[in-house]
Amino acid sequence: EAGVAQSPRYKIIEKRQSVAFWCNPISGHATLYWYQQILGQGPKLLIQFQNNGVVDDSQLPKDRFSAERLKGVDSTLKIQPAKLEDSAVYLCASSLQGSYTDTQYFGPGTRLTVL
Amino acid sequence: DAKTTQPPSMDCAEGRAANLPCNHSTISGNEYVYWYRQIHSQGPQYIIHGLKNNETNEMASLIITEDRKSSTLILPHATLRDTAVYYCIVRGNTGRRALTFGSGTRLQVQP
Numbered sequence: 007e008a009g010v011a012q013s014p015r016y017k018i019i020e021k022r023q024s025v026a027f028w029c030n031p032i033s034g035h036a037t038l039y040w041y042q043q044i045l046g047q048g049p050k051l052l053i054q055f056q057n058n059g060v061v062d063d064s065q066l067p068k069d070r071f072s073a074e075r076l077k078g079v080d081s082t083l084k085i086q087p088a089k090l091e092d093s094a095v096y097l098c099a100s101s102l103q104g105s106y107t108d109t110q111y112f113g114p115g116t117r118l119t120v121l
Numbered sequence: 024d025a026k027t028t029q030p031p032s033m034d035c036a037e038g039r040a041a042n043l044p045c046n047h048s049t050i051s052g053n054e055y056v057y058w059y060r061q062i063h064s065q066g067p068q069y070i071i072h073g074l075k076n077n078e079t080n081e082m083a084s085l086i087i088t089e090d091r092k093s094s095t096l097i098l099p100h101a102t103l104r105d106t107a108v109y110y111c112i113v114r115g116n117t118g119r120r121a122l123t124f125g126s127g128t129r130l131q132v133q134p
């Protein structure tokens, strides 16, 4: 079974530039999550999708971050404009139904450096 | 979801059992205890979860105390590949369905 795919693996940009990350979840998984992991900390949820609808985006900085999952499969996360404090690893995860007993499977992450 | 408390770091000798503790004194009756680990430069990986009873799978064993206020993850024969940050997470159906990660325990397996 193929795992969660993410690209790119690494990205370096200047502050105020824009950047986009892509995630392809495990086939058949209805729920997709984006997490932000700052160095030395645990991952923090940014947004959760159930199929192509948003379940939780309460911790997403909506003035600069946006995400979509148009066809209920793959997803993109965008930052515009980037700030220095956005330097982090962005992790995508998926689960079968999103219930609290579901296992979440994580991709390898995209490491973003903002200069 | 209830908060968890873990030691920031632990060492373990290769081939010995690694016992990673977690306190979750405010856990409620319908909340599960989950363990994930994160090896350097990888995404978190599911290990095991449980509600009340002890659980075992091919990776680890989970021991939950009778009052459910604490648990221990046991890696029976630690190898160098088990060096990682281990996260204990309490998750129930009344909170966010996503995972709430703390700082975890950094386990260093020594040769």
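Chains as they are written, first to last, in our numbering: chain A, 7 to 121; chain B, 24 to 134. In this text, a Cβ means the ideal position worked out from N, Cα and C, and glycines have one as well.
| Item | Value |
| --- | --- |
| Closer than 8 Å to chain B by CB, LEU83(A) | no |
| Runs of beta strand (DSSP E) lying entirely within the segment 51 to 78 of chain A, each at least 3 residues, in chain order | 59 to 62 and 71 to 74 |
| ALA107(B) versus ASP69(A): straight-line alpha-carbon distance, rounded | 35 Å |
| Same chain, Cβ closer than 7 Å to ILE112(B), neighbours up to 5 away in sequence not counted | THR27, TYR57, TYR59, LEU122, THR123 and PHE124 |
| Cα-Cα separation between ASP62(A) and ILE19(A), rounded to whole angstroms | 28 Å |
| Cβ pair count under 8 Å reaching 3, the segment 27 to 44 of chain A against the segment 69 to 88 of chain A | yes |
| First through last residue of the beta strand (DSSP E) which encompasses PRO49(A) | Segment: none, PRO49(A) is in no beta strand (DSSP E) and carries neither H nor E. |
| Cutoff 8 Å: ARG114(B) Cβ touching any chain A Cβ | yes |
| The segment 90 to 104 of chain B touching the segment 38 to 57 of chain B, judged by at least three CB pairs closer than 8 Å | yes |
| Partners in chain A for ALA121(B), counting only beta-carbon separations shorter than 7 Å | TYR39, LEU51, GLN54 and ASP62 |
| Burial state of HIS63(B) (16 or more Cβ within 10 Å) | exposed |
| Per-residue contacts from SER105(A) into chain B (C-beta, under 8 Å) | ASN116 and ARG120 |
| Nearest candidate by alpha-carbon position, reference MET82(B), set ILE97(B), PRO134(B) and ALA25(B) | ILE97(B) |
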